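Participant: Here the sequence shown is numbered in UniProt numbering, starting from 1 and rising by one per residue. Don't be surprised by glycine CBs; every beta carbon is placed ideally from N, CA and C. No experiment lies behind these values; they were computed from the predicted model shown.
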Amino acid sequence: MPLILEVALPVPLDAIFDYLPHPHTAHFRQALGCRVQVSFGQRKLIGVIVGHKQASDISPAKIKPIEHLLDLDPILDPGWLAKIRWCARYYHHPLGDTLFSCLPTLLKKGEPADALQDQIWFTTYLGQQIEAMPKTPAQWRLLQMLRQHPHGLEVSAISAQGFQSTQLHKLRDKGLIDYRQEPKLTAQVSGPLLAEAELVLTPEQTSAVQHIQQAQGFHVFLLEGVTGSGKTEVYLQALRPVLARGQQVLVLVPEISLTPQTLHRFRRRFACSLVALHSGLSERERLEAWLAAKRGAAAIVIGTRSAVFTPFANLGMVIIDEEQDASFKQMEGLRYHARDLALKYAQEAQVPVILGSATPSLESLRHALAQHYQHLQLTQRPQTNKPTPPPLQLLDIRSLKLQEGFSLPLLKRLDTHLQAGNQVLIFINRRGFAPALTCYTCGWLAECPQCDARMTWHKEPPRLHCHHCDTQQAVMLTCPHCQSEDLHPLGWGTQRSEAFLQQRYPEIPLVRLDRDAVSTHKRLQTSLQQIQQMQAGILLGTQMLAKGHHFPRVTLVAVLDADTGLYSSDFRALEHSGQLLTQVAGRAGRAHQAGEVILQTRHPDDTNLLELCQHGYSYFARRLLEEREQLSLPPYEYLAILHASGKTREQVHQVLTEMAAHLHPYIQATRGVEEADSLIQAQGLNAIGPFPAPMERRKNRYHMQFWLQAAQRAPLHETIAASLRYLRQHKQARTIRYAWDIDPWDTLG
Ligand SMILES: [Zn+2]
Ligand SMILES: [Zn+2]
Numbered sequence: 001m002p003l004i005l006e007v008a009l010p011v012p013l014d015a016i017f018d019y020l021p022h023p024h025t026a027h028f029r030q031a032l033g034c035r036v037q038v039s040f041g042q043r044k045l046i047g048v049i050v051g052h053k054q055a056s057d058i059s060p061a062k063i064k065p066i067e068h069l070l071d072l073d074p075i076l077d078p079g080w081l082a083k084i085r086w087c088a089r090y091y092h093h094p095l096g097d098t099l100f101s102c103l104p105t106l107l108k109k110g111e112p113a114d115a116l117q118d119q120i121w122f123t124t125y126l127g128q129q130i131e132a133m134p135k136t137p138a139q140w141r142l143l144q145m146l147r148q149h150p151h152g153l154e155v156s157a158i159s160a161q162g163f164q165s166t167q168l169h170k171l172r173d174k175g176l177i178d179y180r181q182e183p184k185l186t187a188q189v190s191g192p193l194l195a196e197a198e199l200v201l202t203p204e205q206t207s208a209v210q211h212i213q214q215a216q217g218f219h220v221f222l223l224e225g226v227t228g229s230g231k232t233e234v235y236l237q238a239l240r241p242v243l244a245r246g247q248q249v250l251v252l253v254p255e256i257s258l259t260p261q262t263l264h265r266f267r268r269r270f271a272c273s274l275v276a277l278h279s280g281l282s283e284r285e286r287l288e289a290w291l292a293a294k295r296g297a298a299a300i301v302i303g304t305r306s307a308v309f310t311p312f313a314n315l316g317m318v319i320i321d322e323e324q325d326a327s328f329k330q331m332e333g334l335r336y337h338a339r340d341l342a343l344k345y346a347q348e349a350q351v352p353v354i355l356g357s358a359t360p361s362l363e364s365l366r367h368a369l370a371q372h373y374q375h376l377q378l379t380q381r382p383q384t385n386k387p388t389p390p391p392l393q394l395l396d397i398r399s400l401k402l403q404e405g406f407s408l409p410l411l412k413r414l415d416t417h418l419q420a421g422n423q424v425l426i427f428i429n430r431r432g433f434a435p436a437l438t439c440y441t442c443g444w445l446a447e448c449p450q451c452d453a454r455m456t457w458h459k460e461p462p463r464l465h466c467h468h469c470d471t472q473q474a475v476m477l478t479c480p481h482c483q484s485e486d487l488h489p490l491g492w493g494t495q496r497s498e499a500f501l502q503q504r505y506p507e508i509p510l511v512r513l514d515r516d517a518v519s520t521h522k523r524l525q526t527s528l529q530q531i532q533q534m535q536a537g538i539l540l541g542t543q544m545l546a547k548g549h550h551f552p553r554v555t556l557v558a559v560l561d562a563d564t565g566l567y568s569s570d571f572r573a574l575e576h577s578g579q580l581l582t583q584v585a586g587r588a589g590r591a592h593q594a595g596e597v598i599l600q601t602r603h604p605d606d607t608n609l610l611e612l613c614q615h616g617y618s619y620f621a622r623r624l625l626e627e628r629e630q631l632s633l634p635p636y637e638y639l640a641i642l643h644a645s646g647k648t649r650e651q652v653h654q655v656l657t658e659m660a661a662h663l664h665p666y667i668q669a670t671r672g673v674e675e676a677d678s679l680i681q682a683q684g685l686n687a688i689g690p691f692p693a694p695m696e697r698r699k700n701r702y703h704m705q706f707w708l709q710a711a712q713r714a715p716l717h718e719t720i721a722a723s724l725r726y727l728r729q730h731k732q733a734r735t736i737r738y739a740w741d742i743d744p745w746d747t748l749g
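1. Does the beta-carbon of Cys102, which I'm using as the reference point, lie nearer than 7 Å to any heavy atom of ligand 1?
2. For the putative contact between Ala693 and Ile667, defined by C-beta atoms under 8 Å, what is the C-beta separation to the nearest angstrom?
3. Give me whichever residues DSSP pairs with Gly432 in a beta bridge.
4. Taking its Cβ as the centre, do 16 or more other Cβ atoms sit within 10 Å of Gln586, making it buried, or is it exposed?
5. Quick check on Trp121: does DSSP put it in helix, strand or coil?
6. Cutting at 6 Å between CB atoms, please list the residues of its own chain near Gln247, excluding the five before and the five after it.
7. Where do the N-terminal and C-terminal ends of the beta strand (DSSP E) with Pro692 fall, by residue?
8. Hey, could you find the ends of the alpha helix (DSSP H) Thr494 is sitting in?
9. Any heavy atom of ligand 1 closer than 7 Å to the Cβ of His488?
10. Looking at Ser645 and Val652, is the spacing between their C-beta atoms short of 8 Å?
11. Considering only C-alpha positions, which residue in the set Ser399, Ile46, Arg269, Leu126 is nearest to Ala299?
12. At a cut-off of 7 Å, is His703 close to ligand 2 when judged by its beta-carbon and the heavy atoms of the ligand?
13. Could you tell me which residues DSSP puts in a beta bridge with Gln248?
14. From which residue to which residue does the beta strand (DSSP E) around Val559 run?
15. Can you check which of these residues, Arg85, Asp325, Glu224, Glu404, is closest to Leu334 by C-alpha distance?
16. Can you tell which of Ala711, Leu580, Ala82 has its C-alpha closest to the C-alpha of Tyr636?
17. Comparing the CB of Thr471 with every heavy atom of ligand 2, is any distance shorter than 7 Å?
18. If I measure Cβ to Cβ from Leu679 and keep anything under 6 Å in the same chain, skipping five residues before and after, which residues do I get?
19. Classify Glu404 as helix, strand or coil using the three-state DSSP reduction.
20. Once you ignore the five residues that flank Ala682 on each side, which residues in its own chain have a CB closer than 7 Å to its CB?
21. Just to confirm, does Cys482 get its C-beta within under 7 Å of one of the non-hydrogen atoms of ligand 1?
22. Less than 7 Å separating the Cβ of Thr441 from some heavy atom of ligand 1?
23. Threshold first: 3 residues or longer. Then list the beta strand (DSSP E) segments lying entirely within the stretch 8-64, N to C.
24. Report yes or no: is there a C-beta of chain B within less than 8 Å of the C-beta of Pro260?
25. For Gly578 and Thr542, what's the separation of their Cα atoms in angstroms?
26. Going by alpha carbons, who is nearest to His151 out of Asp178, Asp173, Ser165, Ile130?
27. Any heavy atom of ligand 1 closer than 7 Å to the beta-carbon of Cys613?
28. Cα separation between Glu674 and Phe706?
29. Going by beta-carbon coordinates alone, are Val7 and Val36 separated by less than 8 Å?
30. Please state if the CB of His22 and the CB of Leu3 are separated by a distance shorter than 8 Å.
31. Considering only the beta carbon of each residue, do Gln205 and Val234 sit closer than 8 Å?
32. Please list the segments of the alpha helix (DSSP H) lying wholly inside the stretch 193-273, counting only runs of 4 or more residues, in order along the chain.
33. In the DSSP assignment, find the alpha helix (DSSP H) that holds Phe100 and state where it starts and stops.
34. Let me make sure I understand the geometry here. Which of Arg240, Ser357, Leu143, Gly110 has the alpha-carbon closest to that of Glu283?
35. Per DSSP, what are the beta-bridge partners of Ile742 in this structure?
36. According to DSSP, simplified to helix, strand and coil, what is Gly443?
Given below as structure tokens:
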């Protein structure tokens with residue numbers, strides 16, 4: 001019987017494909033984790049060997065041999081492959097697509113998995129003995145320099161001294177020097193690990209660092225610290241012994257380009273090799289970083305969501321900063337959560353994990369309160385002259401006249417802070433000029449032709465723009481319905497507030513931070529620098545302002561509309577809203593001045609808002625947890641949402657209804673027999689739907705949802721698998737698109 005190779009391919013089919021080994025290559029060379037080139041239909045594809053077997057269901061004559069073996073050694077070790085398999089199974093995503101979405105682009109394209117090499121030049125025995133070279137003074141100087149480096153010197157360092165490569169080769173021809181090849185990124189660091197002194201810790205920080213350093217094996221810490229309480233310093237001191245042991249550390253952060261300070265602090269602190277994985281890297285740099293982590297040459301890997309798939313030679317600790325952040329969840333394709341995967345991987349590697357946050361997710365908080373995680377709290381800001389975060393004040397605007405969204409009492413506070421030479425930060429959760437364009441004569445609203453959504457009015461460049469499908473239109477001058485010219489903006493976006501504030505405070509510099517104003521990394525750096533350099537000034541923006549920036553001169557934070565998120569149909573909206581408001585508020589009073597935080601609201605009696613303002617996020621979150629428990633919602637039960645869309649509503653509805661009927665016996669089976677006791681009942685599965693998605697029509701497709709909710713993971717995943725088996729053989733299901741979202745971040749998408 002011939003050996004059959006199982007090959008994962010980058011195709012959206014939930015299958016692994018059988019191929020015969022390459023006829024002229026030894027079988028043992030065609031190992032798990034090696035890349036191969038195969039023909040697939042009419043195409044040539046790069047695949048990865050993920051299994052060996054003795055026989056195939058397909059007749060041997062029909063199985064093609066692989067065309068090329070691309071790797072002499074596997075690029076993926078069995079441990080990494082096992083992780084990817086687990087990820088594909090957990091998220092019910094095809095293995096091939098999962099594997100290929102985790103690989104650096106150059107490896108997907110079939111480039112060699114070789115690190116760039118450096119030439120390291122060193123003196124030979126003869127080169128150390130020779131006493132003079134009177135005829136070639138330049139070569140003599142070069143030789144003398146190399147003698148001072150017993151471990152050798154990279155070619156780049158030699159040319160930086162003004163020497164030519166011809167001189168190197170002439171000395172080599174004389175047998176005085178030689179070179180060896182080494183990967184460019186190496187972990188070898190001579191001298192002490194600490195490149196700068198550690199900061200003095202508060203008693204709370206000291207205790208946190210000690211607990212983490214004492215951890216053995218897999219142990220999760222939730223480091224809950226108010227903004228400015230010095231979480232980063234705790235990470236830095238907790239991981240020092242890990243680096244000193246020669247182990248590697250993975251640090252996941254929400255967005256590197258938005259929070260360059262964190263990266264700089266890691267770089268400044270340690271004299272070790274650190275790689276940062278961010279969107280600004282070239283494909284080659286990304287591959288180099290990946291390979292360096294894999295061979296253990298990168299001591300610290302800092303990256304965003306996808307860095308969780310980095311292979312490590314010797315992982316010693318995982319840190320997830322701002323663990324509650326939305327960016328850790330991928331919302332399309334492989335819908336994974338980087339925090340949850342990192343926890344799983346750390347458990348396998350038996351290493352400690354630090355989850356850091358000022359506003360922990362309810363998932364992590366629940367585990368901490370149940371003592372599955374060790375809860376470490378930082379309640380104070382270091383140094384007594386730094387005030388604690390100021391309380392949130394509600395400003396009732398129900399009976400107040402607004403000028404472009406600003407009430408008079410708020411404008412007066414702005415005047416005071418700006419006159420005192422301070423900076424003010426204004427948070428608006430909508431970009432663009434106005435979230436809608438309306439006709440005052442007939443009430444017409446500019447709506448997206450493809451979605452159940454209004455078009456946002458943008459001023460620069462002038463256009464109507466749908467933020468859901470990217471449709472853009474010219475701004476009309478007359479109402480298409482009644483031809484009136486009485487068209488007006490409805491609501492406020494960042495551009496409209498900017499225009500108003502510039503008119504009101506013509507002398508005061510204003511920096512706007514949102515996706516339109518700061519589309520590139522460079523523009524963000526310029527804006528942040530401008531903020532650091534200016535005295536009095538106005539910072540205006542969206543969530544981008546809330547993310548970890550340090551604005552020492554900001555003394556007033558104003559939220560124009562605190563009510564968004566209070567009355568959403570999404571059960572996580574309150575949690576996210578509480579986190580966002582707390583983070584925005586945390587920007588105030590971070591240096592030596594006390595701050596002030598004002599939230600404009602039309603619901604000053606709202607219980608949730610009052611609790612957040614009076615007792616803070618920590619209390620607010622614990623109360624939300626009680627609510628979730630009563631309603632059997634995550635994190636107390638597990639949730640999965642099937643998102644489906646098609647050209648007509650009927651099409652999607654029919655397929656999902658038939659699927660729901662097919663799943664009924666599975667769901668019944670989880671509930672036990674009729675006289676089952678309440679315990680078994682509680683473990684049952686709950687199916688909800690199909691029903692239209694909150695925004696039913698998007699990009700001219702009709703979206704529906706079907707929910708499965710369960711107290712136990714196993715029956716939930718079995719039922720999801722059954723649904724996919726059913727849909728794959730269902731004829732009409734081929735005309736719709738569908739995907740399961742396991743542990744969804746929100747229920748809207
Ligand atoms: Zn009209
Ligand atoms: Zn649209």
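Facilitator: Taking the geometry as given:
1. no
2. Not quite, the Cβ-Cβ distance comes to about 22 Å (not below 8 Å), so this is no contact.
3. Gly432 pairs with nothing; no bridge assigned.
4. Correcting the residue identity first, residue 586 is Gly in this sequence and not Gln. Gly586 comes out buried.
5. strand
6. Asn314, Gly316
7. 685-698
8. 494-504
9. no
10. yes
11. Arg269
12. no
13. Leu315
14. 554-559
15. Arg85
16. Ala711
17. yes
18. In this predicted model, Leu679 has a pLDDT of only 42, less than 50, meaning its place in the structure is not dependable; the value taken from the coordinates is given anyway. Result list for Leu679: empty, nothing under 6 Å.
19. coil
20. With a pLDDT of only 45 at Ala682, under 50, the local geometry of the prediction cannot be trusted, and the value read off the model is given with reservation. Same-chain partners within the cutoff: Ala711.
21. yes
22. yes
23. 17-19, 35-40, 43-53
24. Of the chains in the structure shown, none is chain B; there is only one protein chain.
25. 15 Å
26. Asp178
27. no
28. The pLDDT assigned to Glu674 is 47, lower than 50, so where the model puts this residue is not dependable, and the model offers no usable value.
29. yes
30. no
31. yes
32. 203-214, 231-244, 260-269
33. 95-101
34. Gly110
35. Ala640
36. coil
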